[in-house]
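**Student:** Here it is, the structure, as structure tokens.
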Amino acid sequence: IMRKLIFFLFIAINIILIISCDDQVDPKTDFKDVYALNCVIRGDTSFQVATITHSYNVDGYDPLTNTNDPFIKGAVIKLTYDADGKTYTFRDTSINRPAGSRYTTPMNFYYINNFRPKYESTISIEATLPNGKILRAISTTFFISPYVIQNNEYSIPITVFGNYLIFNWTNLTSTKDEKIYYVPELVIKYSKNQNGTPVEMQKKIPLFYISGANGDIPLYPSIQANITNARFDTTIIRKSLEEISAGDPNKQNYIIHKAVFRLLIADKNLAVYYAAQKTFLDEFSVRVTQPEFTNINGGLGIFGTLTSTQIDVPIKESFIKSFGYLPN
Numbered sequence: 054i055m056r057k058l059i060f061f062l063f064i065a066i067n068i069i070l071i072i073s074c075d076d077q078v079d080p081k082t083d084f085k086d087v088y089a090l091n092c093v094i095r096g097d098t099s100f101q102v103a104t105i106t107h108s109y110n111v112d113g114y115d116p117l118t119n120t121n122d123p124f125i126k127g128a129v130i131k132l133t134y135d136a137d138g139k140t141y142t143f144r145d146t147s148i149n150r151p152a153g154s155r156y157t158t159p160m161n162f163y164y165i166n167n168f169r170p171k172y173e174s175t176i177s178i179e180a181t182l183p184n185g186k187i188l189r190a191i192s193t194t195f196f197i198s199p200y201v202i203q204n205n206e207y208s209i210p211i212t213v214f215g216n217y218l219i220f221n222w223t224n225l226t227s228t229k230d231e232k233i234y235y236v237p238e239l240v241i242k243y244s245k246n247q248n249g250t251p252v253e254m255q256k257k258i259p260l261f262y263i264s265g266a267n268g269d270i271p272l273y274p275s276i277q278a279n280i281t282n283a284r285f286d287t288t289i290i291r292k293s294l295e296e297i298s299a300g301d302p303n304k305q306n307y308i309i310h311k312a313v314f315r316l317l318i319a320d321k322n323l324a325v326y327y328a329a330q331k332t333f334l335d336e337f338s339v340r341v342t343q344p345e346f347t348n349i350n351g352g353l354g355i356f357g358t359l360t361s362t363q364i365d366v367p368i369k370e371s372f373i374k375s376f377g378y379l380p381n
């Protein structure tokens with residue numbers, strides 16, 4: 054979980070720093086030292102991460118040529134949660150970067166490991182930089198019941214082929230008129246035998262496919278407010294299962310474990326950021342034409358809240374074997 058949270062923030066950092074260096078008229082005109090604070094408070098863990106970086110100048114016009122980590126050390130970051138009246142202070146640490154990373158120095162970040170929001174409440178963050186500059190932002194946390202997804206004893210396939218597998222959940226409302234946004238997803242958990250070693254993988258199920266010049270294009274659920282269900286066509290589920298081993302005649306190298314329906318719940322800040330990027334929350338891709346969005350007073354960045362809940366969906370053995378796969 055920790056590495057996924059850190060990866061999420063560092064992708065956001067790269068996007069924001071590229072934006073700050075990518076002016077449509079002349080990216081080298083009137084360079085300004087801009088600071089970016091990024092922090093996503095998650096309701097499904099007590100480990101929270103924050104980062105602070107600054108814009109940078111380069112020789113030429115390619116911002117990706119920079120090899121000096123723009124991370125700001127020595128900042129004081131405080132998180133205030135109105136629900137318990139407490140203020141939490143972040144600590145700083147670092148981990149090794151993955152092989153092939155752009156920067157060679159350790160990956161720095163700030164963290165707290167004892168805060169998990171449990172109530173709907175205002176939450177705020179304030180970062181004081183070593184030079185005295187202050188970055189601030191406000192968001193709202195939500196109370197998410199573990200029973201928000203209605204338990205209808207789902208399984209794959211459903212009794213009538215061609216019907217929809219429908220997941221319903223309780224619509225969460227906010228007393229502060231803050232809209233709540235949902236991103237539903239259905240994934241198949243499986244493992245593939247690679248040189249005698251099982252490698253865990255997953256396959257995301259689209260809502261439907263559209264025809265493209267180079268074949269079918271999958272379309273996945275988008276982020277929306279005021280929705281209470283998601284529908285997945287069993288024909289699409291079957292097609293997705295077939296795609297797991299496309300081009301591989303050795304079907305028994307694949308072990309199908311189960312399906313998982315997961316519901317991501319985000320505040321409006323993350324929802325706007327998600328919509329601006331038009332990419333999935335857990336799989337950001339970097340483009341130099343990213344539109345700019347920030348809710349940080351005094352700089353750039355994103356401060357928002359995100360939580361999730363999920364249920365397992367068993368897949369019948371007979372259905373798994375019909376593809377030549379092995380059941381778990």
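With the working numbering as the guide, the letters of the sequence shown map in order to residues 54 to 381. The C-beta atom is built at its ideal place from N, Cα and C for all residues, glycine as well.
(1) Ignoring anything shorter than 3 residues or poking outside the segment 125-193, list the beta strand (DSSP E) runs there in chain order.
(2) Given this structure, state the Cα-to-Cα distance separating LEU188 from THR181, to the nearest angstrom.
(3) Assign THR288 to one of three DSSP states: helix, strand, or coil.
(4) To which residues of the same chain is THR228 closer than 6 Å at the C-beta, ignoring the five residues directly before and after it?
(5) On the DSSP letters alone, give me the boundaries of the alpha helix (DSSP H) that SER264 sits inside.
(6) Measuring only the C-alpha atoms, how far is LYS374 from LYS171?
(7) Could you give the C-beta distance for GLY357 and LEU323, rounded to a whole number, given that I count them as a contact under 8 Å?
(8) Assuming THR314 and GLN277 are in contact, meaning their beta carbons sit under 8 Å apart, how far apart are those beta carbons, in whole angstroms?
(9) Flag this pair as yes or no: are the beta carbons of LEU239 and ALA312 separated by less than 8 Å?
(10) Checking 8 Å against the spacing of the C-beta atoms, do TYR88 and GLY352 come in under that value?
(11) Compute the beta-carbon to beta-carbon distance between PHE372 and ILE209, rounded to the nearest angstrom, for a pair I have assumed lies under 8 Å.
(12) Taking the Cβ atom as the reference point for each residue, do ASP48 and SER108 lie within a distance shorter than 8 Å?
(13) Alpha helix (DSSP H) containing SER244: first to last residue?
(14) Rounded C-beta distance between ASN320 and SER177? I'm assuming under 8 Å.
**Tutor:** Judging by the given coordinates:
(1) 129-134, 139-142, 144-148, 160-165, 174-181
(2) 7 Å
(3) Correct three-state label for THR288: helix.
(4) Only weak support is given to the placement of THR228: the predicted model assigns it a pLDDT of 49, under 50, and the value that follows is read from those uncertain coordinates. None.
(5) Counting along the chain, SER264 falls outside any alpha helix (DSSP H), though it belongs to the beta strand (DSSP E) covering 261-265.
(6) 43 Å
(7) 4 Å
(8) In the sequence under discussion, the amino acid at residue 314 is Phe, which differs from the Thr named in the question. With a Cβ gap of about 16 Å, PHE314 and GLN277 do not count as contacting.
(9) The Cβ-Cβ distance between LEU239 and ALA312 falls below 8 Å.
(10) Yes; because the gap between Cβ atoms is below 8 Å, this pair is in contact.
(11) 6 Å
(12) Given a span of 54 to 381 for the chain in the structure shown, any question on residue 48 remains unanswerable.
(13) Note, SER244: premise wrong, no alpha helix (DSSP H); beta strand (DSSP E) at 234-247.
(14) One detail in the question is off: residue 320 reads as Asp in this sequence, not Asn. Wrong, their Cβ atoms sit about 13 Å apart, outside the cutoff.
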